[in-house]
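Count along the sequence shown from 1, add 5, and you get the number used in my numbering. Just so it is clear, CB atoms sit at the ideal spot from N, CA and C, and this is done for glycine as well. Computed from a predicted structure; not experimentally measured. Comments concern the structure below.
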Amino acid sequence: MVAKRGIQAASLRGRRVLVRVDFNVPQETNGQVADDRRIQEALPTLNHLRAAGARTILMSHLGRPDGRHDPRFTLKPVVHRLSAILGQPVPLASDIIGIQAIEGSARLANGEFLMLENLRFHPGEEANDPVFAAALARLGELFVEDAFGTLHRAHASTVGVPRHLPSYAGFLVQREVRELSRLLERPERPYVALVGGAKVADKLPLLASFLGQADRIAIGGALAFPFLAHRGHTLGATEFEGGLEDVLVEFDRAAVGAKTEIVLPTDAVIDRPGRNTTDVVAIGAIPPDASIRDIGPATVARFLEALQGSRTVFWNGPFGKAEDPRFAAGTRDVLAHLASIPGYHVGAGGDSARIAQDLGVTSSFQFLSTGGGAALEFVQGTELPGLAVLPDA
């Protein structure tokens, strides 16, 4: 992957710098920030801008307000947390391209910050409206892209603005590209992909991208259910995607041709209605009223065996209903074991970083991506619109 021109190449002192950050943070029921990891990840870029004397205008989205002003998705709680982290006030403009944003950006002194209100309050953001993008660009003199998690979206703030301003990659985007590129550019073998979560239809392109690239793919969670059913197993009352038979036949054929081993669960932790306890049963012996909630100990051992000797490991998604402590052991046990295996380990996509943090296994990874869909598309080799628009180094 060609490196992009970095913020370290920009002359920043006294310049108004428009920075796209990803502060789409989880919120408590009262709207307060529940997890500030995405804010923390932006600090290298923000501290660099402050130290260099830039006049920084921050822009982000939060949630899905559908192009209208929705108080539930205001960035007020975000700027409150950001101000505390930076140790200086970060005012919030009550608009995006209106008089508050224009006057607020003009008043900035060197080393100060202004946050624009939620970009998605304006319908032009997700529509990539060129008029909206041009109005955003007029607020700044330079543009810095540091929202890796949005780079797969062709939105006004990610692809429209950099067409109007000299543009640079922030430190977070630089690191994401550098680390994830290691999975694409001759990764050290053996290479094992651990993939969980749900929705085969959504994740099949990711799985297919590993064929011939990875030596083994271990599949868990609801993602494994259609594969198991395709192999003739009855899964009791477990709900799973249907209508995928032809797709799975082709995938299995491609895996054989690519000489990539597919590793599936052999046992499961099940939940049955009216019972307070859980049971472990073989995949071929699931009772008619039971639902699969986690991989069982035999599957954990099977996944650990697949990991032995590996030099590169990619992980995405839980192997069970990990948000429930009763069904988190499978994911936790497999990922915790990674810490004892030398090599390069990456977690990416969806809520993988949060899951790793919740399960106490972050030390098993050399890199946990901040990107959800963007990271998965990057790993598949898909060009990200928000990255493609930035100039090469």
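How would you label residue i, buried or exposed, when you count the other beta carbons within 10 angstroms and need 16 or more for buried?
i: S214; result: buried
i: T155; result: buried
i: K264; result: exposed
i: I62; result: buried
i: T239; result: exposed
i: E193; result: exposed
i: M136; result: A small correction: the amino acid at residue 136 is Val; Met does not occupy that position in the sequence shown. Exposed is the call here.
i: T304; result: buried
i: N29; result: buried
i: S368; result: exposed
i: V26; result: buried
i: E130; result: buried
i: P302; result: exposed
i: D71; result: exposed
i: V84; result: buried
i: P293; result: exposed
i: V1; result: Outside the displayed range of the chain (6 to 398) lies residue 1, so it cannot be described from this structure.
i: T375; result: buried
i: V254; result: exposed
i: I222; result: buried
i: V261; result: exposed
i: K204; result: exposed
i: R21; result: buried
i: Q218; result: buried
i: T317; result: buried
i: A333; result: buried
i: G322; result: buried
i: E382; result: buried
i: N281; result: exposed
i: G109; result: buried
i: V95; result: buried
i: E150; result: buried
i: I275; result: buried
i: I104; result: exposed
Output the boundary residues of the beta strand (DSSP E) element that contains residue i.
i: E150; result: L147 to E150
i: R21; result: R21 to R25
i: I346; result: Here I346 belongs to no beta strand (DSSP E), and DSSP marks it neither H nor E.
i: I62; result: R60 to M64
i: V95; result: Neither: V95 is in no beta strand (DSSP E) and is coded neither H nor E.
i: V318; result: T317 to N321
Which residue or residues does DSSP assign as beta-bridge partners of residue i?
i: L392; result: BP columns for L392 are empty, so no partner.
i: L373; result: G352
i: R221; result: V197 and E266
i: Q105; result: None; Q105 has no bridge partner.
i: G116; result: Partner(s): none; G116 has no beta bridge.
i: G11; result: A174
i: Q32; result: V38
i: D406; result: No information on residue 406 is available, as it lies outside the stretch 6 to 398 that the chain covers here.
Would you kindly report the start and end of the unbroken alpha helix (DSSP H) that includes residue i?
i: R55; result: L48 to A56
i: F230; result: F230 to H235
i: P210; result: V205 to F215
i: E190; result: No alpha helix (DSSP H) contains E190, which DSSP labels as neither H nor E.
i: G378; result: G378 to V384
i: Q362; result: S357 to D363
i: G129; result: P128 to E131
Can you tell me the Cβ-Cβ gap for residue i and residue j, rounded? I've got them flagged as a contact below 8 Å.
i: A142; j: H169; result: 4 Å
i: S315; j: V197; result: 4 Å
i: P270; j: G225; result: 6 Å
i: I44; j: L87; result: 6 Å
i: V166; j: F148; result: 5 Å
i: R77; j: G36; result: 7 Å
i: Y349; j: Q385; result: About 18 Å separates the two Cβ atoms, so there is no contact after all.
i: I300; j: A273; result: 6 Å
i: T243; j: F230; result: 6 Å
i: A295; j: G335; result: A295 to G335, Cβ: 16 Å. No contact.
i: L364; j: R337; result: 4 Å
i: L228; j: G202; result: 6 Å
i: L124; j: A106; result: Actually they do not touch by this definition, with Cβ atoms about 11 Å apart.
i: G58; j: G19; result: 6 Å
i: L177; j: T50; result: 6 Å
i: F126; j: H53; result: 28 Å between Cβ atoms; not a contact.
Does the beta carbon of residue i fall short of 6 Å from some heavy atom of the ligand GTP?
i: A174; result: As for the ligand GTP, it is missing from this structure, which has no ligand bound.
Can you list, in chain order, the stretches of the beta strand (DSSP E) that have 3 or more residues and sit fully within the stretch 138-183?
-> Listed in chain order, the complete beta strand (DSSP E) runs (minimum 3 residues) inside the stretch 138-183 are 147-150 and 172-174.
Fully enclosed by the stretch 237-314, which alpha helix (DSSP H) runs are 4 residues long or longer?
-> Those alpha helix (DSSP H) runs which fall completely within the stretch 237-314 and span 4+ residues are 250-263 and 302-312.
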